[in-house]
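Undergrad: Have a look at this one before I ask anything.
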Amino acid sequence: MNERLILLVEDNPDDEELTWIAFRKSGIGHNLVVARDGAEALEYLLGSRLLTGETLPAVILLDLKLPKVDGLEVLRRLRADERTRTLPVVVLSTSREEQDMVRSYSLGASSYIRKPVDFDRFIEVMQQIALYWLGINERPVLLNRPA
Numbered sequence: 000m001n002e003r004l005i006l007l008v009e010d011n012p013d014d015e016e017l018t019w020i021a022f023r024k025s026g027i028g029h030n031l032v033v034a035r036d037g038a039e040a041l042e043y044l045l046g047s048r049l050l051t052g053e054t055l056p057a058v059i060l061l062d063l064k065l066p067k068v069d070g071l072e073v074l075r076r077l078r079a080d081e082r083t084r085t086l087p088v089v090v091l092s093t094s095r096e097e098q099d100m101v102r103s104y105s106l107g108a109s110s111y112i113r114k115p116v117d118f119d120r121f122i123e124v125m126q127q128i129a130l131y132w133l134g135i136n137e138r139p140v141l142l143n144r145p146a
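Here numbering that gives the first Met the number 0 is used: the first residue of the sequence shown is 0, the next is one more, and so on.
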């Protein structure tokens, strides 16, 4: 897999650590960037970093229950901005509420995945996500750069 980045937006330190473990096992731990709340994610994606011409992440893994700015609001703002409108966003949540899934998709989520509670299954799912979004999914080069 190439050097494309994954932005993990996650406030739970245990889920963050499990994600690091899964990605290290896959040999792509160096591709992971973490934002620990919605405000930090928005700053990373829409703030001054974007103005420097940095490459956007290949995919965003977005938790819904976040401090400061919740995941649905992060998704809404990303879809409202021309620079991030087409970024793949995978909602990764423990929520089993049908309304969370419906709202996520209606706001433009690319995928909705419930976080497995089983350790081995969590690792497997994270590895599959990385394989698909970094290794299989293709995006036009022009969509990988900020406007």
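Cβ coordinates follow ideal geometry from the N, Cα and C atoms, glycine included.
Alpha carbon to alpha carbon, how far is LEU60 from LYS24?
TA: Along the sequence shown, read from residue 1 onward, the residue named residue 60 stands at position 61. Along the sequence shown, read from residue 1 onward, the residue named residue 24 stands at position 25. For LEU60 and LYS24, the distance between alpha carbons rounds to 18 Å.
Undergrad: From ILE112 to LEU44, what distance separates their C-alpha atoms?
TA: Locating residue 112 in the sequence shown gives position 113, counting from the first residue. Locating residue 44 in the sequence shown gives position 45, counting from the first residue. Going by the C-alpha atoms only, they are around 22 Å apart.
Undergrad: Please report the straight-line C-alpha distance between GLU97 and SER103, rounded to a whole angstrom.
TA: As a working mapping, residue 97 is identified with position 98 in the sequence shown. As a working mapping, residue 103 is identified with position 104 in the sequence shown. Each residue's Cα considered, the two are about 10 Å apart.
Undergrad: What does a CB cutoff of less than 6 Å around GLY172 pick up in its chain, not counting 5 residues either side in sequence?
TA: This structure cannot settle anything about residue 172, because the visible part of the chain is limited to 0 through 146.
Undergrad: With distances taken between CB atoms, is the gap from GLN126 to ALA21 smaller than 8 Å?
TA: Counted from its first residue, the sequence shown places residue 126 at position 127. Counted from its first residue, the sequence shown places residue 21 at position 22. Cβ atoms of GLN126 and ALA21: closer than 8 Å.
Undergrad: Contact between the stretch 61 to 68 and the stretch 4 to 18: three or more CB pairs below 8 Å?
TA: Short answer: they touch.
Undergrad: Tell me whether THR18 is buried or exposed, calling it buried when 16 or more other Cβ atoms sit within 10 Å of its Cβ.
TA: One-based indexing of the sequence shown puts residue 18 at position 19. Result: buried.
Undergrad: Tell me whether LEU65 sits in a helix, a strand or coil according to DSSP, three-state version.
TA: Within the sequence shown, the letter at position 66 stands for residue 65. LEU65 falls in the coil class under three-state DSSP.
Undergrad: Tell me, to the nearest whole angstrom, how far the beta carbon of VAL88 is from that of LEU71; I am working on the premise that it is less than 8 Å.
TA: Position 89 of the sequence shown holds residue 88. Position 72 of the sequence shown holds residue 71. Not confirmed; about 11 Å, so no contact.
Undergrad: From ASP14, LEU31, GLU16, GLU15, pick the residue whose C-alpha is nearest to that of LEU133; which is it?
TA: Walking along the sequence shown from the start, residue 133 turns up at place 134. Here the closest residue by C-alpha is LEU31.
Undergrad: Give the DSSP-derived three-state secondary structure of ALA146 in the structure shown.
TA: Residue 146 sits at position 147 when you count from the first residue of the sequence shown. Note that ALA146 scores a pLDDT of 47, beneath 50, so its modelled location is shaky and nothing firm can be said.
Undergrad: Using CA atoms only, rank isn't needed, just tell me which of ASP14, ARG3, ILE5, LEU4 is closest to ILE122.
TA: Along the sequence shown, read from residue 1 onward, the residue named residue 122 stands at position 123. Of ASP14, ARG3, ILE5, LEU4, the residue nearest in Cα terms is ASP14.
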